[in-house]
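Peer 1: Protein chains in written order, with UniProt numbering: chain D, 1 to 448; chain H, 1 to 401.
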Amino acid sequence: MSRRIHLAAHFPGVNNTTVWTDPTAGSQIDFSSFEYFARNAERGLFDYLFLAEGLRLREHRGRIHDLDVLGRPNTLAILAALAAVTENIGLVGTLSTTFNEPYELARQLATLDHLSNGRAGWNAVTSSDAFHGANFRRGGFLDHGDRYRRAAEFAELSKRLWASWRDDAILADADTGEFLRRDAIEQVAHRSDLFDIDARFDVPRSPQHRPLIVQAGDSADGRDFATAHADVIFSLHTEFEDAQEFYRDVKGRLAAVGRQEDDLKILPAASFVLGDTLEEARERSREIALAQVRPETAITYLEQVWNRDFSGYDPDGPLPDVEPDTGAESAQGFANRHAAVRSRIAKLREVAEAEKLSIRDLIIRLTANHTFVGTPDQVAADIDRYVQERATDGFTVVGHLTPHGLDEFTDRVIPLLQERGTYRTSYEEGATLRETLGVAGQPVAVEA
Amino acid sequence: MTEKVHIAVALDGAGWHPAAWREPTARPTELTTAGYWRDLVRAADDAGVVFATIEDALTLEGRTAEADAGIRRDRVRGRLDALLVASFLAPLTRRIGLIPTVTTTHPEPFHLATGLQTLDHASLGRAGARIVAGSSPQERANFGRRGDGPVGFPASGHVEDDPAWQAAFREAGEVVDAIRRLADSWEDDAIIRDVESGRFLDRERVHNADFEGEFFSITGASIVPRSPQGQPLITALAHQSIPHRFAAEHADVVFITPGGAEEAAVIVAEVEQAAAEVRDEPERLRVFADLLVLIEATEAAAVEAWDRLEERAPIATDAHIAIGTAATIIDEIRTLAAAGVDGIRLRPARLPADLTAITEQVIPVARAAGILHDDDASPTLRQRLGLPLRSSRFAAQEVSA
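#1: Between the Cα of residue 74 (chain H) and those of H:231, H:314, H:117, H:241, spot the shortest distance and give me the residue it belongs to.
#2: Using 8 Å for Cβ pairs, my map puts residue 96 (chain H) next to residue 34 (chain H). What's the rounded Cβ distance?
#3: Along the segment 67–100 of chain D, where does the CB come closer than 9 Å to a CB of chain H? Name the residues.
#4: Please classify residue 331 (chain D): is it buried, with 16 or more other beta-carbons within 10 angstroms of its beta-carbon, or exposed?
#5: My guess is that residue 296 (chain H) and residue 317 (chain H) are in contact by the Cβ rule of under 8 Å, so how many angstroms apart are they, rounded?
#6: Please state if the CB of residue 250 (chain H) and the CB of residue 267 (chain H) are separated by a distance shorter than 8 Å.
#7: Does the distance from the C-beta atom of residue 111 (chain H) to that of residue 31 (chain D) stay below 8 Å?
#8: Using a Cβ-Cβ cut-off of 6 Å (strictly less than) and excluding sequence neighbours within five positions of residue 161 (chain D), which residues of its own chain qualify?
#9: Distance, Cα to Cα, residue 319 (chain H) vs residue 40 (chain D)?
#10: Find the residues of chain D that neighbour residue 131 (chain H), judging by a C-beta separation of less than 9 Å, and give them in chain order.
#11: In the DSSP assignment, what are the bridge partners of residue 212 (chain H)?
#12: If the cut is a Cβ gap below 9 Å, which residues of chain H does residue 294 (chain D) touch?
#13: Could you tell me how far apart the beta carbons of residue 326 (chain D) and residue 341 (chain D) are, in whole angstroms, since I believe they sit closer than 8 Å?
#14: Look up residue 365 (chain H) in the DSSP assignment and give the residues it is bridged to.
#15: Would you mind sorting residue 452 (chain D) into buried or exposed? The rule is 16 or more other CB atoms within 10 Å of its CB.
#16: Since residue 200 (chain H) is in the beta strand (DSSP E), which residue starts that stretch and which ends it?
#17: Can the beta-carbon of residue 118 (chain H) be found less than 8 Å from the beta-carbon of residue 78 (chain H)?
#18: Helix, strand or coil for residue 413 (chain H) per DSSP?
#19: Given a cut-off of 8 Å on the beta-carbon distance, is the pair residue 223 (chain H) and residue 109 (chain H) in contact?
#20: Nearest-angstrom Cα distance between residue 63 (chain D) and residue 27 (chain D)?
#21: Considering only DSSP beta bridges, list what residue 248 (chain H) is partnered with.
#22: Runs of 3 residues minimum, wholly inside the segment 199–261 of chain D: which ones carry the beta strand (DSSP E) assignment?
#23: Is the Cβ of residue 336 (chain H) closer than 8 Å to any Cβ of chain B?
#24: Grab the span of the beta strand (DSSP E) containing residue 8 (chain H) for me, first residue to last.
#25: Which residues, taken in chain order from the segment 91–108 of chain H, show a beta carbon closer than 9 Å to some beta carbon of chain D?
#26: Between which two residues does the beta strand (DSSP E) carrying residue 130 (chain H) extend?
#27: Using a Cβ-Cβ cut-off of 8 Å, state whether residue 279 (chain D) counts as contacting chain H.
#28: So residue 240 (chain H) packs on residue 160 (chain H), CB below 8 Å; how close in whole Å?
#29: Take residue 201 (chain H) and list the residues in its own chain whose beta-carbon comes closer than 7 Å to its own, dropping the five residues that flank it on each side.
#30: In the DSSP output, which residue or residues are listed as bridge partners for residue 92 (chain H)?
#31: Kindly list, in the order they appear in chain H, the residues whose Cβ is closer than 9 Å to that of residue 50 (chain D).
#32: Between the segment 108–122 of chain D and chain H, which residues of the former have a C-beta closer than 7 Å to a C-beta of the latter?
#33: In chain D, which residues lie with their C-beta within 8 Å of the C-beta of residue 224 (chain H)?
#34: Between residue 106 (chain D) and chain H, is there a C-beta pair that is closer than 8 Å?
#35: Rounded to the nearest angstrom, how far is the Cβ of residue 420 (chain D) from that of residue 45 (chain D), given a contact under 8 Å?
#36: Assess contact between the segment 242–251 of chain D and the segment 130–150 of chain D, defined as three or more Cβ pairs (one per stretch) separated by less than 8 Å. Is contact present?
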């Protein structure tokens, strides 16, 4: 039997994915943009809508970055608002385990699950650096190992809080005056060097019992966390054989913790460009990539890696033949800032020389290499192949325009996936996000 | 001449009377559902209520629980996060201000600020916050981060006698400062989308908060571009001198709890005195009097309903209680209006019953009698209250430079 494809719809965030210079690009902040995007994703029967998180505006060489989209809403608040204008699609937000507290975040996610009638999800990420920490009471204070320990304890505590209300806790017997059943709520205590909590949760059990948990880290610690806690992995493995290997590795870890292959879905990020012919799609892909990586974007990217002023360099010329300035942190807020600068530069040189790429083409190759480029038929067949041959369970799809970047995918690719019989043709009435995705994970009911 | 006022409502669980959930009209098993909140707030919106406050607490016991009571099985327990409920209601309503309760001790001020700005965007300019200072021992146990803080009210009954409460109010003041600074951190026109130069924004018009306080610091600018109101409406409930001073210094609207019209006049004078001494905000502090209401078709039916509730669970409340017909409530409103308040925040004893009476009887009759401010088409909450939209302090600096 063929395997079912799962798709998430990623609202483009604050990086050069989004082509804000396109005359049809809309607002990244107005609620109408989010509402449009969510309604279209629901029309396309996507499993869930996915949002990244922002905890500080990116900076470049000590000043606020000004070339790409900057600014976005608070993740939880926008998802709660979207719960009001959608009915079936899941609502998944990225939320840090470092700069939140378990009691508060668990109650916010449980709230979102109530308000959406069982469609809430949490992409649990860790963050530790002092740059983001400077916006929080916490500050930047965790090294890599403690970060994942905190994430694991955080997830465990959240699950215990979500499970601490009996299903039937609320009796509401007007005659006897008993609102709560006896032993309706379990005390949740946890003491470690990271947390010291003795809590009674204040949100009744939500429709999904526990909101969906998504995980995005790729390190060994990240894979362990995913095996133990996650329902979905948002990976970056999109090259077919690499994806298959990742799939085998992660799914192979599940049996040891008593979970099934289908209980953890792998949905890597994927971009796409469509055309009526392959040639047309490739041309469009090139045009979009040039818009995503403008000359100043390419130079800025290099400046982040080298931590030097490259404003005099020709973006269509070769990589600068200079040493990086490793004396200080450079690209504040960019995900690559922890990479070892020199090995990174060596890698850049290797790719550029092997493929004879200019600065701009190298950056296009690195940041605007579209995952699926072709006719709708080809793209549908490609996506299907990844899923049928166990490279992924589907994809987290991101378009290059806001807010209508997935319209074309919805109109032209989804129907072909449906024709192939591997994509749903309707949501199941009243299904929770867990049910839509087909992941188990209902907790054992708390016995009185 | 008749003094005009605004009518707001305060929403919490099954209503403000502890036995309200046992009424036949109550919906006690729906208190944490989307439909319950949608029904309540849409009705208030349609009736022209100026804003709705939504209660919250970061504990199962609520904020006023008896310290040693454990879990009371005869009271409503369980609630939703108020800021998220307000965000959910934003696209479902048109004019009503949405004011969730926000506690200031444990949540990260940065998250609070961006959440409120997002509520302002999603509601097209109708966001506010009711600031609550301090934390209970139960709340501290839930978070497990800070052992210090107030333990109940001081024996004197005055928060100003307790250094822990004084600190809690100083911290709440910092949270409000941070919310306002972050809201100001993007100037109105910071997003320029200049295709020619490839610049999405003008970084000269985005400013780091650089907030340094006694309790926390925040370095960066908000992640949320400037919202329709500029700043969310800041409100606070105040009973005593420290809270009055807190509200005078930090709030746009203060809720007071006078026992009657005379006391209202005294409190208004005290609040205005405090405002004259400590207030930096450019607009006059708006004063709303709280009134807990139970409304029936006849006085006798109202008294009977109240007695039934009190027999089941006697109420302990800070607010003046008005029991009677819509006409009784309107008389109370008129009297408070004459005492100099800008508005009345009605706390329905029973939900949805008393909210229904407010929206279907009290407001239409009061409007017809000319005691309500005109329910004009002002698009934002600040404008409906006669407050200008706030411009960024950073933009103001440029003009004066």
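No residue lacks a Cβ here, since even glycine has one placed at the ideal position from N, Cα and C. Computed from a predicted model, the values in this text were never measured in an experiment.
Peer 2: With the structure as the only source:
#1: H:314
#2: In this structure residue 96 (chain H) does not touch residue 34 (chain H) by the C-beta definition: roughly 17 Å separates them, more than the 8 Å allowed.
#3: 67, 68, 69, 70, 71, 72, 73, 74, 75, 76, 77, 78, 79, 80, 81, 82, 83, 84, 85, 99, 100
#4: With a pLDDT of 48 at residue 331 (chain D), under the threshold of 50, the modelled position of this residue cannot be trusted; read the value that follows with caution. Buried is the call here.
#5: At roughly 19 Å, the Cβ-Cβ gap does not stay under 8 Å, so residue 296 (chain H) and residue 317 (chain H) are not in contact.
#6: no
#7: no
#8: 106, 188, 201
#9: 48 Å
#10: By Cβ distance, chain D contributes nothing, its closest Cβ being about 17 Å from residue 131 (chain H), past 9 Å.
#11: H:217
#12: 198
#13: 5 Å
#14: DSSP lists no partner for residue 365 (chain H).
#15: A query on residue 452 (chain D) cannot be resolved here, the shown segment of chain D reaching from 1 to 448 and no further.
#16: 199–201
#17: no
#18: Since the first residue of chain H shown is 1 and the last is 401, residue 413 (chain H) is not available in this structure.
#19: no
#20: 23 Å
#21: Per DSSP, none; premise fails for residue 248 (chain H).
#22: 212–215
#23: Looking at the structure shown, chain B is missing, and the protein chains on hand are D and H.
#24: For residue 8 (chain H), the enclosing beta strand (DSSP E) begins and ends at 6–11.
#25: 91, 92, 106, 107, 108
#26: 128–132
#27: no
#28: 7 Å
#29: 190, 191, 192
#30: Beta-bridge pairing links residue 92 (chain H) to no other residue.
#31: Chain H residues near residue 50 (chain D): none, gap ~17 Å exceeds 9 Å.
#32: 108, 111, 112, 114, 115, 117
#33: 29, 71, 72, 73, 74
#34: Chain H, which has no Cβ nearer than 8 Å to the Cβ of residue 106 (chain D), makes this no.
#35: Residue 420 (chain D) to residue 45 (chain D), Cβ: 14 Å. No contact.
#36: no
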